[in-house]
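**Student:** There's a structure below that I have some questions on.
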């Protein structure tokens, strides 16, 4: 976190519900963005395809706000 970590991938195909809850606690403790479902390598790597990991739509609001604050990109 001191080095600049800004988010943590809570929602991942390899994460159990217990792991997700632990990562959510870490995110809250350190005020990190919660992300997920962004690690897809296609069928060649494994059977986890885009859309298989469900991520709450409510997280998008925080990601948009962070991107806007940092002028990372323009989101509507």
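Residue numbers (this note's numbering): 1 to 76.
Using N, Cα and C, we set each Cβ at its ideal position, and we do this for glycine too.
What you are looking at is a predicted structure, and each value in this text was computed from that prediction instead of being measured.
Grouping DSSP H, G and I as helix and E and B as strand, with all else coil, what is residue 33?
**Tutor:** Indexing the chain shown from 1 puts residue 33 at position 33. DSSP places residue 33 in strand when its eight states are reduced to three.
**Student:** What distance in whole Å lies between the Cβ atoms of residue 26 and residue 33, which are believed to be in contact at a cut-off of 8 Å?
**Tutor:** Mapped onto the chain shown, residue 33 falls at position 33. Mapped onto the chain shown, residue 26 falls at position 26. Their Cβ separation, rounded to whole angstroms, is 12 Å, which puts residue 33 and residue 26 out of contact at 8 Å.
**Student:** How big is the Cα-Cα spacing for residue 4 and residue 56?
**Tutor:** Your numbering for residue 4 matches position 4 in the chain shown. Your numbering for residue 56 matches position 56 in the chain shown. If I take the Cα positions, the gap works out to 25 Å.
**Student:** Identify, in the order they occur along the chain, each residue of the same chain with its Cβ nearer than 6 Å to the Cβ of residue 37, setting aside the five sequence neighbours on each side.
**Tutor:** What you label residue 37 is simply residue 37 of the chain shown in a count that begins at 1. Excluding residues within five positions, the ones whose Cβ falls inside 6 Å are 11, 53, 55.
**Student:** Does the distance from the C-beta atom of residue 63 to that of residue 35 stay below 9 Å?
**Tutor:** Within the chain shown, the letter at position 63 stands for residue 63. Within the chain shown, the letter at position 35 stands for residue 35. Contact: yes.
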